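Asker: Residue numbers (our numbering): 675 to 1351.
For every residue, glycine included, the Cβ atom is placed at its ideal position computed from N, Cα and C.
Remember, it's a predicted structure, so these values are computed and weren't measured experimentally.
First the structure, which I've put down as C-alpha cells, then a few questions once you've had a look.
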C-alpha cells in the first residue's frame, strides 16, 4: 500500500488552490486583447450614436451659451444641487462647491476711496427643484439697515438683482430689510422706484460678525440667459450715501447665467452608456446622467481640470485611458461644434470591466472558474485537515482514557492501521502504554504478593515463638523471646497496612451507596476518640445539625480515623485536637486542626502520595500499645485522599497561619450523584 505522509496530504489541496490564480491569468491573457478591442469599438460606436442624436434633435443655441469673452465673476453658472436647501440664512446645508469671490476688481460704482474691509462678498448658486438658490456672504465693516417708515429702499445696504424675462425685458429687484429677518424683494421701475413686493422671491437675511449673509431663491421660470447680482454699501447713518456697488454686472454690462439643461439631461437618459456628461467650452457641466466606477462628488469633479478635456477645437474625438489607484477606466470625449467652432464637449466614461456584454461574460467565466477551483481546493483542504484533526483528537482521547488520574493504565491502546505519521504515532503510543501497563502491574501487585508470601513464614515463626514462651525458660531467654515476638507482631502489622490500600480500592465498587447525615457520623467518631485517647482534648464544633451526603458512612469514618491518627501522632502532649464542621454553599467542609510541629514546605504537596511520610523518632509521640514506636508506611493520607475522591471531594493539608500546628481541610459535595447511583 502506498504510504502518503501528512505533508503530501496537505500539499495536494494546496496545489489545487495555487492553480486558481494560474487559471485566471490564462483566461485573462487569452481574452484581454479581444475584450479591450471590443470595448473601444463599442464605446466609439456609442459616442458616434449619441453625438448624431444630439446634433439632430437638440438646438444647442438654447441649451449652451456660446461665450467668447468669458469672465468667471460676470458669467455665472448654477450647477444642480445634490439635496435641498433650507432658507435659514446659514451655509451649513450647502454642499462643497466652488465659490465666486468679489472684491476691488468687481466694483461697478465707487464714490469713496475703497479699502478691503469696506466691502467684499462671496457667491454660491445652485439649482434644486425648478428654483435657483443663491447664497451671498457679505463682508461689511458697517451694516446700515433700512429706516422704519421710510419708503426709500436705496439709502441703506441692499442687494440688487437684475434678470431678463423670456421676452428679453429687464427686470430689477432690490432686497433691503429693516433688520435681519425674512426678506421681501421689491420690483423696481426703470427709474429705480419700488413698485411692489415680489412674493416669488423669498429668503432670509442674517447678521454675522463680519457683516451679513443673504440666502434666497428665485423660480427658474423667471430667469433667462442674462443675470446679474450686486451689493450696495452704505456706511453712514447720517448721510446714507451709497459708497460702493460691487457685483457681476448692471444694466449696461449684464453677464450670462448658465443653468443645467433639462432637455440635454433627458436626452442622455435615453442612452445607457455609463457616465455621460456635456460641458460647455469653459468646462462647465451642462448635463449629466449615469455613473462610472468613480466615487468622487460630481460637483467637485466638474470644476477641476480633467485630463483629456483640453482638446484642439477641430479634433472630432480622442480616446484616453486614465489610471487610478483602484481600477482602470476608459474615457472618450468628442467636441460639439457649430460652424467649425467648439461650443461644448460630450464625454462618456466607462469602467473597462463593466458595460460591454462580452466583457461581462468573460468576467463571469473567470469568476465562476476561479470560485469553483477555490471552492474545490478549500473543500479538499478543509476535508483533509478535518480528517487529520479528527484522527489527532481521537488519538488524544484514547491516550487520556488509557491512563487514569492516578497514572495507572486502565485500558490498553489499540494501534491504528494508518500508513502515515499519525499511524506511526499511534503505534508508538500503543507500545508506550503497553510497557507502562507492564511496569505498573509489578508495583501494584507487589504489596499483595509480598504480604501473601510473608504471612505463612511469619505465622510459623510466631507460633514457634509462642510455644517456646509457654515452656519454662530462663529469665534471660524470655527477654530474647519476647523481643522476637514483638518484632513478629510489628511485621504482621506492616503486612496488614501494605494490603489495606489495595483492599480499600477493591471494596469501593462492592459497597452500597446510601444517604446519611455526616454530622452524626463525625459526632460518633469523636466520642470514640475521647475514650481511646484520654490524654488529648477533642474539641468538636458543628455549624449545622444536618449535612446530608450520598456515599459510604464507614469510609467517611475511616477517613476521619486517618486524619485524627495523624493529628494525634504529631500533636504536642496534652494539647487540643479541634474538629470543625461547616457548610459552604453545596459543600460540607471538615477541618482537623492540631497543635504541634509544622510541616516542611516542600512536603505539603506530596503527603497524599502513596508511601510518603515525614515521621521520625524525634517528633512522633510514643503511643503504641507496648511502648515501642509504631512503623509507618505513609499510606494513611493516601487512603484519606482515595476516600475523599470517591465521594467527589478534595483534600488539602497546610500549616496553620501561626505555624504552631497543621490543618487538614476536606470538602465533599452534598447529595452528590455518583456513577453507582
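What whole-angstrom Cβ distance do residue 1195 and residue 1227 have, given they're in contact under 8 Å?
Answerer: Position 521 of the chain shown, counted from the start, is the residue given in the question as residue 1195. Position 553 of the chain shown, counted from the start, is the residue given in the question as residue 1227. About 5 Å; that satisfies the 8 Å criterion.
Asker: To which residues of the same chain is residue 1208 closer than 6 Å at the C-beta, ignoring the five residues directly before and after it?
Answerer: As a working note, residue 1208 is residue 534 in the chain shown. Within the same chain, residue 1208 has no close Cβ partners at all.
Asker: As a quick exercise: from 770, 1340, 761, pick the residue whose alpha carbon is nearest that of residue 808.
Answerer: Here residue 808 refers to the residue found at position 134 when the chain shown is read from its first residue. Checking every option, the nearest Cα to that of residue 808 belongs to 761.
Asker: Give the list of continuous beta strand (DSSP E) stretches no shorter than 3 residues that lie fully inside the region 805 to 861.
Answerer: Qualifying beta strand (DSSP E) stretches, in chain order: 805 to 814, 832 to 838, 844 to 849.
Asker: If we count Cβ pairs, one from each stretch, closer than 8 Å, do we get three or more for the region 912 to 924 versus the region 859 to 868?
Answerer: No, the region 912 to 924 is not in contact with the region 859 to 868.
Asker: How many Å lie between residue 1073 and residue 1055 at the Cα?
Answerer: As a position in the chain shown, residue 1073 is number 399, starting the count at 1. As a position in the chain shown, residue 1055 is number 381, starting the count at 1. Going from the Cα of residue 1073 to the Cα of residue 1055 covers about 27 Å.
Asker: Can you find the residues in the same chain that come closer than 6 Å, C-beta to C-beta, to residue 1230, ignoring five residues on each side of it along the sequence?
Answerer: If you number the chain shown from 1, residue 1230 lands on position 556. Excluding sequence neighbours, residue 1230 sits near 1195.
Asker: Looking at the unbroken beta strand (DSSP E) that takes in residue 865, where does it start and where does it end?
Answerer: Within the chain shown, residue 865 is the residue found at index 191, counting from 1. Premise fails: residue 865 is in no beta strand (DSSP E) and is neither H nor E.
Asker: Check for me: the beta strand (DSSP E) holding residue 779 runs from which residue to which?
Answerer: Counting from one through the chain shown, the residue named residue 779 turns up at place 105. Run containing residue 779: none; DSSP gives neither H nor E here.
Asker: So is residue 1068 buried or exposed if we call it buried at 16+ other beta carbons inside 10 Å?
Answerer: Working through the chain shown from its first residue, we reach residue 1068 at position 394. The residue in question, residue 1068, is exposed, as its Cβ has fewer than 16 Cβ neighbours within 10 Å.
Asker: Between 1236, 1223, 850, 1253, which has its C-alpha nearest residue 1260's C-alpha?
Answerer: Residue numbering aside, residue 1260 sits at position 586 when the chain shown is read from its first letter. The candidate whose alpha carbon is nearest that of residue 1260 is 1223.
Asker: Identify, in the order they occur along the chain, each residue of the same chain with its Cβ nearer than 6 Å to the Cβ of residue 909, setting aside the five sequence neighbours on each side.
Answerer: In the chain shown, residue 909 corresponds to position 235, counting from 1. Answer for residue 909: 816, 917, listed in chain order.
Asker: May I ask which residues mark the beginning and end of the alpha helix (DSSP H) holding residue 1205?
Answerer: Indexing the chain shown from 1 puts residue 1205 at position 531. Run containing residue 1205: 1192 to 1206, per the alpha helix (DSSP H) assignment.
Asker: Check whether the Cβ atoms of residue 1333 and residue 1241 sit closer than 8 Å, and answer yes or no.
Answerer: Here residue 1333 refers to the residue found at position 659 when the chain shown is read from its first residue. Here residue 1241 refers to the residue found at position 567 when the chain shown is read from its first residue. No. Outside cutoff.
Asker: Report the rounded CA-to-CA distance for residue 846 versus residue 1023, giving the unit in angstroms.
Answerer: By one-based count along the chain shown, residue 846 stands at place 172. By one-based count along the chain shown, residue 1023 stands at place 349. Residue 846 and residue 1023: Cα-Cα distance of roughly 42 Å.
Asker: Using DSSP with H/G/I as helix, E/B as strand and the rest coil, what is residue 1318?
Answerer: On the chain shown, residue 1318 is found 644 positions in, with the first residue counted as 1. Looking at residue 1318 - three-state DSSP - the assignment turns out to be helix.
Asker: Determine the contact status of residue 696 and residue 1048, defining contact as a CB-CB distance below 8 Å.
Answerer: The count along the chain shown starts at 1 and reaches residue 696 at position 22. The count along the chain shown starts at 1 and reaches residue 1048 at position 374. No; because the gap between Cβ atoms is not below 8 Å, this pair is not in contact.
Asker: Check for me: the alpha helix (DSSP H) holding residue 941 runs from which residue to which?
Answerer: Position 267 of the chain shown, counted from the first residue, corresponds to residue 941. That run of the alpha helix (DSSP H) goes 936 to 943.
Asker: What's the C-alpha gap between residue 1198 and residue 1131?
Answerer: Start at 1 with the first residue of the chain shown, and residue 1198 comes out as number 524. Start at 1 with the first residue of the chain shown, and residue 1131 comes out as number 457. So the two alpha carbons sit approximately 39 Å from each other.
Asker: In angstroms, rounded to a whole number, what distance separates the CA positions of residue 720 and residue 1006?
Answerer: The count along the chain shown starts at 1 and reaches residue 720 at position 46. The count along the chain shown starts at 1 and reaches residue 1006 at position 332. Approximately 10 Å, taken between the alpha carbons.
Asker: Please state if the CB of residue 1255 and the CB of residue 1316 are separated by a distance shorter than 8 Å.
Answerer: The residue given as residue 1316 occupies position 642 in the chain shown. The residue given as residue 1255 occupies position 581 in the chain shown. Contact: no.
Asker: Quick one: give me the first and last residue of the alpha helix (DSSP H) that residue 737 is part of.
Answerer: What you label residue 737 is simply residue 63 of the chain shown in a count that begins at 1. Where residue 737 is concerned, the enclosing alpha helix (DSSP H) stretches over 734 to 737.
Asker: Does DSSP put residue 905 in a helix, a strand or coil?
Answerer: Residue 905 sits at position 231 when you count from the first residue of the chain shown. In the structure shown, residue 905 sits in a strand (DSSP, three-state: E or B).
Asker: Here's a check: name, in chain order, each residue in its chain whose Cβ is nearer than 6 Å to the Cβ of residue 1250, leaving out the five neighbours to either side.
Answerer: Indexing the chain shown from 1 puts residue 1250 at position 576. For residue 1250, where only same-chain residues beyond five positions count, the Cβ hits under 6 Å are 1211, 1213.
Asker: Does the contact criterion of 3 or more C-beta pairs under 8 Å hold for the region 866 to 876 versus the region 884 to 896?
Answerer: Enough Cβ pairs lie closer than 8 Å, so yes.
Asker: Straight-line CA distance for residue 1204 to residue 1103?
Answerer: Position 530 of the chain shown holds residue 1204. Position 429 of the chain shown holds residue 1103. In a straight line, the C-alpha of residue 1204 is about 54 Å away from that of residue 1103.
Asker: Which residue comes first and which comes last in the beta strand (DSSP E) that contains residue 1336?
Answerer: Position 662 of the chain shown, counted from the start, is the residue given in the question as residue 1336. Unbroken beta strand (DSSP E) run through residue 1336: 1335 to 1343.
Asker: Grab the span of the alpha helix (DSSP H) containing residue 1241 for me, first residue to last.
Answerer: To locate residue 1241, count along the chain shown from 1; it is residue 567. Per DSSP, residue 1241 belongs to the alpha helix (DSSP H) from 1227 to 1244.
Asker: Here's the rule I'm using: 16 or more other beta-carbon atoms within 10 Å means buried, otherwise exposed. How should residue 870 be labelled?
Answerer: Position 196 of the chain shown, counted from the first residue, corresponds to residue 870. Exposed, because fewer than 16 other Cβ atoms sit within 10 Å of the Cβ of residue 870.
Asker: Rounded to the nearest angstrom, what separates residue 693 and residue 685 at their Cα positions?
Answerer: Locating residue 693 in the chain shown gives position 19, where the first residue counts as 1. Locating residue 685 in the chain shown gives position 11, where the first residue counts as 1. If you take the alpha carbons of residue 693 and residue 685, they lie about 12 Å apart.
Asker: Can you look up residue 915 in the DSSP assignment and give me helix, strand or coil?
Answerer: By one-based count along the chain shown, residue 915 stands at place 241. Here residue 915 sits in coil by DSSP.
Asker: Please classify residue 1352 as buried or exposed, where buried requires at least 16 other C-beta atoms within 10 Å of its C-beta.
Answerer: The question about residue 1352 has no answer here: the residues shown for the chain are numbered 675 through 1351.
Asker: State the DSSP-derived secondary structure class of residue 1013, mapped to helix, strand or coil.
Answerer: The residue you call residue 1013 lines up with position 339 of the chain shown. Of the three classes helix, strand and coil, the one that applies to residue 1013 here is coil, per DSSP.
Asker: If you count every other CB in all the chains shown that lies within 10 Å of the CB of residue 1352, and 16 or more means buried, which is it?
Answerer: Limits of the chain in this structure are 675 at one end and 1351 at the other, which puts residue 1352 out of reach.
Asker: Using a Cβ-Cβ cutoff of less than 8 Å, which residues in the same chain neighbour residue 1097 once the five nearest sequence positions on both sides are dropped?
Answerer: As a working mapping, residue 1097 is identified with position 423 in the chain shown. Correct list, in chain order: 1089, 1090, 1091.
Asker: In chain order, what residues of the same chain have a beta carbon less than 7 Å from the beta carbon of residue 717, not counting five sequence neighbours either side?
Answerer: The sequence position of residue 717 within the chain shown is 43, counting from 1. Taken in chain order, the residues that qualify are 1004, 1006, 1022, 1024.
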